[in-house]
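Asker: Here it is, the structure, as structure tokens.
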Amino acid sequence: MSTVDLPLLPLGKGRDLDAERGVECPGDLPPASDPHLVERARAAKEALGDKVFILGHHYQRDEVIQFADVTGDSFKLARDAAARPDAEYIVFCGVHFMAESADILTSERQQVVLPDLAAGCSMADMARLRQVEDAWDALADAGIQDLVVPVTYMNSSADIKAFCGRNGGLVCTSSNADVALEWAMAQRPGVDAKILFLPDQHLGRNTAVLKMGLTVDDCVVWDPMKKNGGLTPEELQAARFILWKGHCSVHGRFSAAVVDELREQHPGINILVHPECTHEVCLKADLIGSTEFIIKTIEAAPAGSIWAIGTELNLVNRLRTDHPDKSIVFLDRNVCFCSTMNRIDLPHLVWALENLVAGNVVNRIEVDPDTERDALVALQRMLDLPGKSHRD
Ligand code: SF4
0 MSTVDLPLLP LGKGRDLDAE RGVECPGDLP PASDPHLVER ARAAKEALGD KVFILGHHYQ
60 RDEVIQFADV TGDSFKLARD AAARPDAEYI VFCGVHFMAE SADILTSERQ QVVLPDLAAG
120 CSMADMARLR QVEDAWDALA DAGIQDLVVP VTYMNSSADI KAFCGRNGGL VCTSSNADVA
180 LEWAMAQRPG VDAKILFLPD QHLGRNTAVL KMGLTVDDCV VWDPMKKNGG LTPEELQAAR
240 FILWKGHCSV HGRFSAAVVD ELREQHPGIN ILVHPECTHE VCLKADLIGS TEFIIKTIEA
300 APAGSIWAIG TELNLVNRLR TDHPDKSIVF LDRNVCFCST MNRIDLPHLV WALENLVAGN
360 VVNRIEVDPD TERDALVALQ RMLDLPGKSH RD
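Structural data, given as structure tokens:
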């Protein structure tokens, strides 16, 4: 196996290697104590007018969401940005892979800005291109590469999406993972096709077992930190799903034990979770779905109903505020924000917007043309899937 680059926060492009990378903000980053931050953000946004379009992911802080022109999951936001070609600047309040997707889907003249470059995603960082290429070579050595279709979750870096595009695979979201995986299976007619699913093992396993009728034993986990993924050629040959050993640090926290506790404490409670949760948690849940599914389910729920929600805490808190007629609890004993999503705060948003007003495009996220071309192939295959919404 080749030496791989360090996975976390690979965004500083070589600067500040000894410390957390990518956090540099040239010029003045306003202090969080500045009492005029809201006014400053509003003034900068007004000054930019239609030239700026601010995207706010559902997991962002309220202080940031209030300035979003549109909210949603990452794929919806990227498409919303593409539908606003008049907006020269797309300020993405989300994480790095989302800004990359927006750059891929928007036009050449639109520039995508991520207010804090340290807003990465630990799940996306768990699959680096060199590691995936090593795994692909190992699949060839095991004599099965021709049977394997690579599929990556939207929550992956642009170069992993491009890898899938180059190798006959596609991108999926948590809403369309089953349809995407059925499509992938059908790409090897006459044989038992296999899937290399990147980078979230839980979404892969939950989809394979709970939606596609496979079993846990049909899945193996490829550990990029072990020689040959920690798997023998025989194990690879027997598997239908090769799940990359990645997970979301937020959704991975929810536990089956807390589900049991809540059911005991609140008879009649409904457990609603995201499919990035572990298989054990999903098995115990009443409903499983994307962030959009979670929002719509709560909107449609009857007054007085009781819910425990297993997704990022900013979204759960917002749902609780927006639906005071329903009882909503968080599916974890502890506070559980996405720490990288929370990197985008009001000082960074003000800093990015005021720089744009001054004519400086800071923290631009730009995907190189070759990667963009191949990633688009994988994204387009997803868009061409029949009859499913594309939400994560
Ligand atoms: S919630 Fe999980 S998948 Fe989403 S950005 Fe945070 S670490 Fe990544």
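Numbering that gives the first Met the number 0 puts the first residue of the sequence shown at 0, with every later residue one more than the last. Using N, Cα and C, we set each Cβ at its ideal position, and we do this for glycine too. Small disclaimer: the values here were computed from a predicted structure and weren't measured.
#1: Helix, strand or coil for Ile268? Go by DSSP, reduced to three states.
#2: Count the C-beta pairs between the stretch 133 to 141 and the stretch 168 to 182 that are closer than 8 Å, then say yes if the count reaches three, no if not.
#3: Would you tell me roughly how many angstroms separate the C-alpha atoms of Glu311 and Val334, rounded to the nearest one?
#4: By DSSP, does Pro232 sit in helix, in strand, or in coil?
#5: Output needed for Pro84: all residues of its chain with C-beta closer than 6 Å, excluding positions within five of it in sequence on either side, in chain order.
#6: May I ask you to check if the CB of Met340 is nearer than 7 Å to at least one heavy atom of the ligand SF4?
#7: Is there at least one non-hydrogen atom of the ligand ZN closer than 7 Å to the beta-carbon of Asn316?
#8: Would Arg108 be called buried (16 or more neighbouring beta carbons within 10 Å of its own) or exposed?
#9: Please state if the CB of Trp182 and the CB of Leu393 are separated by a distance shorter than 8 Å.
#10: When the distance is taken between beta carbons, is Ala123 closer than 8 Å to Ser174?
#11: Check whether the Cβ of Cys171 sits closer than 7 Å to any heavy atom of the ligand SF4, and report yes or no.
#12: Comparing alpha-carbon positions, which option in His265, Arg204, Lys210 and Met211 lies nearest Cys395?
#13: Using only the alpha-carbon positions, how far apart do Leu230 and Trp221 sit?
#14: Under 7 Å from any heavy atom of the ligand SF4, does the C-beta of His57 make it?
#15: Could you check which residue in Pro34, Asp49, Gln59 and Ile53 has the C-alpha nearest to that of Leu314?
#16: Should Arg252 and Asp331 be called a contact, given that it needs their Cβ atoms to be closer than 8 Å?
#17: Would you report the Cα separation of Gly212 and Asp27, rounded to the nearest angstrom?
#18: Please report the straight-line C-alpha distance between Ser304 and Ala67, rounded to a whole angstrom.
#19: In the DSSP assignment, find the beta strand (DSSP E) that holds Leu54 and state where it starts and stops.
#20: By a C-beta neighbour count over all protein chains shown, 10 Å radius and 16 as the cutoff for buried, is Thr214 buried or exposed?
#21: Could you check what DSSP says for Met381 in three-state terms: helix, strand or coil?
Answerer: Walking through what the data contain:
#1: In the three-state scheme derived from DSSP, where H, G and I count as helix and E and B as strand, Ile268 is classed as coil.
#2: Not touching, per the Cβ criterion.
#3: Taking the straight line from one Cα to the other gives about 10 Å.
#4: Looking at Pro232 - three-state DSSP - the assignment turns out to be helix.
#5: Ser106, listed in sequence order.
#6: Set against 7 Å, the gap from the CB of Met340 to the closest heavy atom of the ligand SF4 is smaller.
#7: Looking at this structure, you won't find the ligand ZN anywhere; what it does contain is the ligand SF4.
#8: Label assigned to Arg108: exposed.
#9: Any answer about residue 393 is impossible in this case: the structure gives the chain only from 0 up to 391.
#10: Contact: no.
#11: Within the chosen limit of 7 Å, the ligand SF4 does not reach the beta carbon of Cys171 with any heavy atom.
#12: Residue 395 lies beyond the range of the chain shown here (0 to 391); nothing can be said about it.
#13: The straight-line gap from Cα to Cα measures roughly 7 Å.
#14: Because no heavy atom of the ligand SF4 lies under 7 Å away, the Cβ of His57 does not count as near it: no.
#15: From the listed residues Pro34, Asp49, Gln59 and Ile53, the smallest Cα separation to Leu314 is found for Gln59.
#16: In this structure, the beta-carbon distance from Arg252 to Asp331 falls below 8 Å.
#17: Per the coordinates, the alpha-carbon of Gly212 lies some 55 Å from the alpha-carbon of Asp27.
#18: Rounded to whole angstroms, Ser304 to Ala67 spans 30 Å at the Cα level.
#19: Its beta strand (DSSP E) spans residues Val51 to His56.
#20: Thr214 is exposed by the Cβ-count criterion.
#21: Note: Met381 maps to helix in three-state DSSP.
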